[in-house]
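Undergrad: Before anything else, here's the structure in question.
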Amino acid sequence: MLHTDGAPVTKVGGKSLWPIQCTLVEIPPPLRDFMDATMVLGAWLGGTHPSRDLLWSKIVEQIHELFKTGITITADDGEKVMFAIRVQLVTFDLPALAQNCNIIQFNGYDACPDCDIHGIAIERQVFYPFSKLPSTPKTDRDYMTFSLQKSLVKSIKGIKGPTPLTRILIFPDQIAKDYMHLVCSGHFKTLITYWERILLPGVFDQ
2 MLHTDGAPVT KVGGKSLWPI QCTLVEIPPP LRDFMDATMV LGAWLGGTHP SRDLLWSKIV
62 EQIHELFKTG ITITADDGEK VMFAIRVQLV TFDLPALAQN CNIIQFNGYD ACPDCDIHGI
122 AIERQVFYPF SKLPSTPKTD RDYMTFSLQK SLVKSIKGIK GPTPLTRILI FPDQIAKDYM
182 HLVCSGHFKT LITYWERILL PGVFDQ
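Mapped onto this note's numbering, the consecutive letters of the sequence shown carry residue numbers 2 to 207.
Here is the structure:
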């Protein structure tokens with residue numbers, strides 16, 4: 002399982018650190034989340050967001066090679082054990098998802114990485130209205146095709162261009178959902194604001 006996100010490291014100069022971390026999903030939680038069980042494959046330190054190609058290309062190339070060769074480990078008794086390597090999923094928060102997967106940000110039109118629903122603007126905010134008919138799912142083929150098409154528009158169905166990650170992941174099936182931003186600080190926060198305004202005005206001021 003892969004993960005990256007930016008974190009500020011200096012109060013002056015605005016530099017941030019973007020580590021690319023790897024976790025073995027076969028290790029059961031909570032051991033999986035211990036620092037000793039996390040591998041750092043690379044890192045970016047700078048005053049701007051890293052180029053996704055610069056951040057990922059070499060790492061993706063090496064992971065892709067491991068898909069073919071696997072990893073052989075020598076045990077304490079001298080026995081050699083070969084492990085097949087696969088990337089199960091990648092996790093990002095919503096801003097990092099758009100940056101690393103080269104798609105529209107979460108607050109824009111066509112921002113859903115899973116389907117082609119098109120948002121509408123209401124008072125300078127993009128909403129995605131309810132529909133009884135399901136939207137057409139986006140597929141890995143869509144990501145591969147639309148990212149390479151030359152177009153005068155900035156994106157096609159929210160896909161802005163290529164990303165190295167499509168070499169080792171099936172988009173969008175292997176992109177984990179960001180529960181915190183999607184639910185807790187996103188949709189549910191909006192619902193609470195509406196409920197307070199309509200049903201219980203001033204309840205949070207008491």
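The beta carbon of each residue, even a glycine, is placed where N, CA and C say it ideally should be.
From Trp57, Thr137, Gly47 and Ser17, pick the residue whose C-alpha is nearest to that of Leu3; which is it?
TA: Position 2 of the sequence shown, counting from 1, holds the residue named residue 3. Selected option, being the one with the closest Cα: Trp57.
Undergrad: Could you tell me the boundaries of the beta strand (DSSP E) in which Phe172 lies?
TA: For the purposes of this step, residue 172 is taken as residue 171 along the sequence shown, with counting starting at 1. First-last for Phe172: undefined, no H or E at that position.
Undergrad: Over what stretch of residues does the beta strand (DSSP E) that includes Met83 continue unbroken?
TA: Within the sequence shown, residue 83 is the residue found at index 82, counting from 1. For Met83, the uninterrupted beta strand (DSSP E) segment begins and ends at Lys81 to Phe84.
Undergrad: Comparing C-alpha positions only, which one of Pro20, Val127 and Tyr110 sits nearest to Ser156?
TA: Residue numbering aside, residue 156 sits at position 155 when the sequence shown is read from its first letter. For the residues Pro20, Val127 and Tyr110, the minimum Cα distance to Ser156 belongs to Tyr110.
Undergrad: Report the residue from Asp117, Pro29, Phe172 and Ala44 whose alpha carbon sits nearest the alpha carbon of Pro130.
TA: By one-based count along the sequence shown, residue 130 stands at place 129. Out of Asp117, Pro29, Phe172 and Ala44, Asp117 has the C-alpha closest to the C-alpha of Pro130.
Undergrad: Below 8 angstroms, how does it come out for the stretch 177–195 and the stretch 88–99: are there three or more Cβ pairs, yes or no?
TA: yes
Undergrad: Measure the alpha-carbon distance for Met83 versus Thr70 and round it to whole angstroms.
TA: Stepping through the sequence shown from its first residue, residue 83 is reached at position 82. Stepping through the sequence shown from its first residue, residue 70 is reached at position 69. For Met83 and Thr70, the distance between alpha carbons rounds to 9 angstroms.
Undergrad: Can you give me the start and stop residues for the beta strand (DSSP E) that Pro20 sits inside?
TA: Here the question's residue 20 lines up with position 19 in the sequence shown. Here the beta strand (DSSP E) through Pro20 covers Ser17 to Thr24.
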